[in-house]
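Structure record follows, encoded as structure tokens.
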Ligand code: PHE
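Residue numbers (this note's numbering): 1 to 464.
And the structure:
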């Protein structure tokens, strides 16, 4: 069974692929702009606390369920829930994950496609020309680029094609291979950009903004937003980590791996902030709409600095790479459902699921034009924005991921039984001294915290 499903070549393969899933548009796009909107320092601290107290324990829980069953989400929960209270109903948690994977991928790949276009624009020097006039670039992005349906569809399909090809070649031959090439490159580009940004005049101010907390600027909304983002950025609540965990061997320590993935993801999000804020601070450009910083403000500032085309190009390449390793994990969740549950071959599963999602994503790609196009792209925004794009995003980030995470925490903390979870976590680890703390977090802290998001969404609270 394990052989036909595939397995990572070892610990490193898993860590790189899982980190690749975690690091994506969430880190490079969303985190900097919500940090900006929530005034830096204190928000960053709260976010780190949420990752440690809620994200990291849930990641352990997901990987644990995956490795214990060696199955993808639907069959994994069906198998473990069978003789437990709730029985086969637990398979619903897996279905929720498949649904979330489907909806997130259908808009995520549209945004990811933009990075291809922007890399191209950078290389040809066109972006620099456009960026010479900040207002012009804004109009180009919102008015021309987003409204150009055929272009939006083309880049989206191109990105879905890349994603599907990687998943098509399997766990070791496709997903792991891509991660092993792209992740080191991503790190290298990030380091180049961090060094570069440290030479800009805005660097110190960026450091201060990020690491000097001012707790008076913190609201309940920011705390919930930090928690919601921890889910999205760590790829939790929809079975991605569970599925990747189903391909690891018994010789791997789950707590250690989950810690490394969470740490890596957080460090990279902070590096992204440092780069972006340094660059923005070194100019006097006013950031009006922070969710579009990446495609409007950044090139404008780059244009004023030396070697603009080069840095612009590697910057968008970086985002594209990060996005690709994430879209791969989203498609893997949906495909592995078809493989494990419907008995399809991997090739049939990836091509069919990849195509269906691609077609669905075309609707998202075409929904971006119009006057309010810029407000439509608050990726994982807290409000339901107009259009299919906004609705997909709203559903996934406000409902699917939190509800999925809540149920996973309940299942692993209360239903699965301490003996089973303890036994699984000791495999490949030895005596797990943090077990009691983890168990407390997964039974009480995680469900309560995630429950708070769900209640606030039900009550219709705005997050700002
Ligand atoms: N973690 C990814 C990011 O930060 C998004 C993602 C969510 C990927 C859920 C897979 C599953 O961009």
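We treat Cβ as the ideally placed atom computed from N, Cα and C, and that holds for glycine.
- How about residue 140 and residue 113: do their beta carbons lie closer than 7 Å? no
- Straight-line gap, residue 418 to residue 355 (C-alpha atoms, nearest Å): 41 Å
- Coil, strand or helix - residue 463 by DSSP: Note that residue 463 scores 45 on pLDDT, short of 50, meaning its location in the model is unreliable and no value can be drawn from it.
- Query: Using the C-alpha atoms, what's the distance from residue 100 back to residue 162?
  - Reply: 20 Å
- Message: On a Cα-Cα basis, can you pick out the residue from 76, 59 and 267 that is closest to residue 465?
- Response: The displayed coordinates of the chain run from 1 to 464. Any statement about residue 465 would go beyond what the structure contains.
- Query: Hey, out of 405, 438, 183 and 458, whose CA is closest to residue 447's CA?
  - Reply: 405
- Message: Give me the pocket residues for the ligand PHE, defined as CB within less than 6 Å of any heavy atom, sorted by chain position.
- Response: 21, 22, 24, 25, 26, 27, 104, 232, 233, 235, 238, 240, 326, 329 and 330
- Item | Span separating the alpha-carbon of residue 2 from that of residue 159 | Note that residue 2 has pLDDT 42, beneath the 50 cutoff, so the model's placement of it is unreliable and the number below is only indicative. Going by the C-alpha atoms only, they are around 29 Å apart.
- Task: Along the alpha helix (DSSP H) that carries residue 167, what are the first and last residues, could you check?
- Result: 149-168
- Of the listed residues 424, 123, 368 and 360, nearest to residue 312 (C-alpha basis): 123
- Count the other C-beta atoms from every protein chain shown that fall within 10 angstroms of the C-beta of residue 68, then say buried if there are 16 or more, exposed otherwise. buried
- Query: For residue 59, which residues of its own chain have a beta-carbon under 7 Å away from its beta-carbon, when the five flanking residues on both sides are left out?
  - Reply: 234, 236, 241, 258, 261 and 262
- For residue 319 and residue 115, the rounded distance between their alpha carbons: 7 Å
- Item | Close Cβ partners of residue 506 (< 8 Å) along its chain, the five nearest in sequence each way excluded | Residue 506 lies beyond the range of the chain shown here (1 to 464); nothing can be said about it.
- Anticipated Cβ contact below 8 Å, residue 72 with residue 243, distance rounded: 5 Å
- Task: Just mark residue 304 as buried or exposed, buried being the case when its beta carbon has 16 or more other beta carbons within 10 Å.
- Result: exposed
- Selection from 346, 18, 205 and 21 that minimises the alpha carbon distance to residue 169: 346
- Query: By Cβ distance, which residues of its chain are closer than 6 Å to residue 295, with the 5 residues on each side in sequence left out?
  - Reply: 141
- Query: How would you label residue 144, buried or exposed, when you count the other beta carbons within 10 angstroms and need 16 or more for buried?
  - Reply: exposed
- Over the uninterrupted alpha helix (DSSP H) stretch that includes residue 419, give me the two end residues. 418-426
- May I ask you to report which of helix, strand or coil DSSP gives residue 432? coil
- Query: Pick from 275, 166 and 50: whose alpha carbon is nearest that of residue 195?
  - Reply: 275
- Task: Please classify residue 344: does DSSP put it in a helix, a strand, or coil?
- Result: coil
- Message: If distances are taken between C-alpha atoms only, which option among 181, 133 and 42 comes closest to residue 13?
- Response: 181
- Query: With C-beta atoms as the reference, is residue 27 less than 7 Å away from residue 254?
  - Reply: no
- Message: How far does the alpha helix (DSSP H) with residue 220 in it extend, from its first residue to its last?
- Response: 220-233
- With a cut-off of 8 Å on the beta carbons, I'd call residue 342 and residue 238 a contact; round off their distance for me. Not a contact, Cβ separation roughly 19 Å.
- Where the alpha helix (DSSP H) containing residue 136 begins and where it ends: 134-139
- Minimum length 4: unbroken alpha helix (DSSP H) runs contained in the segment 72-100: 73-81
- Task: Please classify residue 224: is it buried, with 16 or more other beta-carbons within 10 angstroms of its beta-carbon, or exposed?
- Result: buried
- Message: Do residue 206 and residue 277 count as a contact pair if the criterion is CB distance below 7 Å?
- Response: yes
- Message: Taking 7 Å as the threshold (C-beta atoms), are residue 442 and residue 412 in contact?
- Response: yes
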